[in-house]
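**Q**
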């Protein structure tokens with residue numbers, strides 16, 4: 064577990080699974096893959112097998128030992144709802160999150176239909192607890208079905224990460240969405256994000272009264288382009304009083 068994350072919208076990361084496979088254009092320049100593959104073949108290294116999908120049961124109870132409350136991004140180096148991860152393993156991850164209710168867990172996926180099926184089966188009579196935020200990643204207007212799947216999920220807190228933003232976002236229905244993150248791609252070969260696309264996401268959030276967080280412009284390095292959008296940083300988060308009322 065990384066106790067101090069450099070990701071602007073979280074405090075820490077927890078990776079009970081690492082590795083993944085590509086599912087859409089937003090995966091093309093995956094930072095987690097690039098990092099992991101540097102260590103492929105290094106004996107004894109956590110990424111000895113690179114970015115191969117790997118379940119790590121020894122990490123399942125880590126958040127229970129972390130006593131200071133913090134926001135924890137779950138599976139920053141994978142996707143918890145990858146089709147090859149057994150539902151029993153996912154259930155154990157959720158068991159830990161439910162027990163460690165002094166933390167806030169941020170679960171983000173591109174496998175939105177698997178997320179919907181799992182959550183609606185686990186929480187049939189009540190929403191998922193409000194300290195477990197459930198989100199989907201969307202990179203352009205062609206992937207907005209993921210948002211619809213999220214809206215059909217029995218969650219207390221739903222969020223959308225529009226990062227890397229690779230094309231015009233189009234019209235976004237943000238009904239029942241608690242938070243939106245947006246940002247550009249970073250790393251070698253980063254594809255540029257246009258100002259009009261970022262403004263469109265922000266303006267739709269404002270119009271629909273959804274908190275908006277602008278993570279970065281991107282570039283060769285995450286901080287290359289800074290974080291200002293039209294002269295200011297956008298650091299909005301969901302209003303916690305509303306989240307507590309949702310339970």
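Residue numbers (this note's numbering): 64 to 310. Note that CB positions come from ideal geometry on N, CA and C, so glycine has one too.
1. With DSSP as the reference, label residue 75 as helix, strand or coil.
2. Whose CA, out of 231, 275, 73, 80, lies closest to the CA of residue 154?
3. Tell me the rounded alpha-carbon separation between residue 137 and residue 243.
4. Beta strand (DSSP E) containing residue 224: first to last residue?
5. Tell me which residues share the same chain as residue 76 and place their Cβ nearer than 6 Å to its Cβ, disregarding the 5 neighbours each side in the sequence.
6. Going by DSSP in three states, residue 279 sits in which element: helix, strand or coil?
7. Looking only at DSSP bridge pairs, what is residue 135 linked to?
8. In the DSSP output, which residue or residues are listed as bridge partners for residue 298?
9. For the beta strand (DSSP E) holding residue 199, just list the boundary residues, first then last.
10. Determine, using beta carbons only, whether residue 108 and residue 114 come nearer to each other than 8 Å.
11. Evaluate the contact criterion for the stretch 151 to 166 versus the stretch 199 to 218: three or more CB pairs, one atom per stretch, below 8 Å.
12. List the whole-angstrom C-beta distance separating residue 116 from residue 147, where the pair is believed to meet the contact cut-off of C-beta under 8 Å.
13. Taking contact to mean at least 3 C-beta pairs separated by less than 8 Å, is the stretch 85 to 95 in contact with the stretch 118 to 132?
14. State the beta-bridge partners of residue 80 as determined by DSSP.
15. Of all the options 179, 220, 187, 235, which has the alpha carbon lying nearest to the alpha carbon of residue 167?
16. If residue 279 and residue 247 are in contact, beta carbons under 8 Å, what's the gap, nearest whole angstrom?
17. Would you say the stretch 168 to 185 touches the stretch 213 to 229, given that touching needs at least three Cβ pairs under 8 Å?
18. Among 212, 169, 83, which has the Cα closest to the Cα of residue 180?
19. Just mark residue 196 as buried or exposed, buried being the case when its beta carbon has 16 or more other beta carbons within 10 Å.
20. What does a CB cutoff of less than 7 Å around residue 206 pick up in its chain, not counting 5 residues either side in sequence?
21. On the DSSP letters alone, give me the boundaries of the alpha helix (DSSP H) that residue 264 sits inside.
22. Between residue 132 and the rest of its own chain, which residues show a CB-CB distance below 7 Å, the 5 nearest in sequence each way excluded?
23. Can you give me the C-alpha to C-alpha distance between residue 293 and residue 282, rounded to a whole angstrom?
24. Do residue 300 and residue 276 come within 8 Å of each other at the CB atom, strictly closer than that value?
25. I need the boundaries of the beta strand (DSSP E) containing residue 245, first residue and last residue.
**A** Answer, in terms of the structure:
1. strand
2. 80
3. 17 Å
4. 220 to 225
5. 65, 68, 136, 139
6. strand
7. 75, 168
8. 276
9. 195 to 200
10. no
11. no
12. 6 Å
13. no
14. 118
15. 220
16. 6 Å
17. yes
18. 212
19. buried
20. 87
21. 258 to 270
22. 165, 166
23. 18 Å
24. yes
25. 242 to 246
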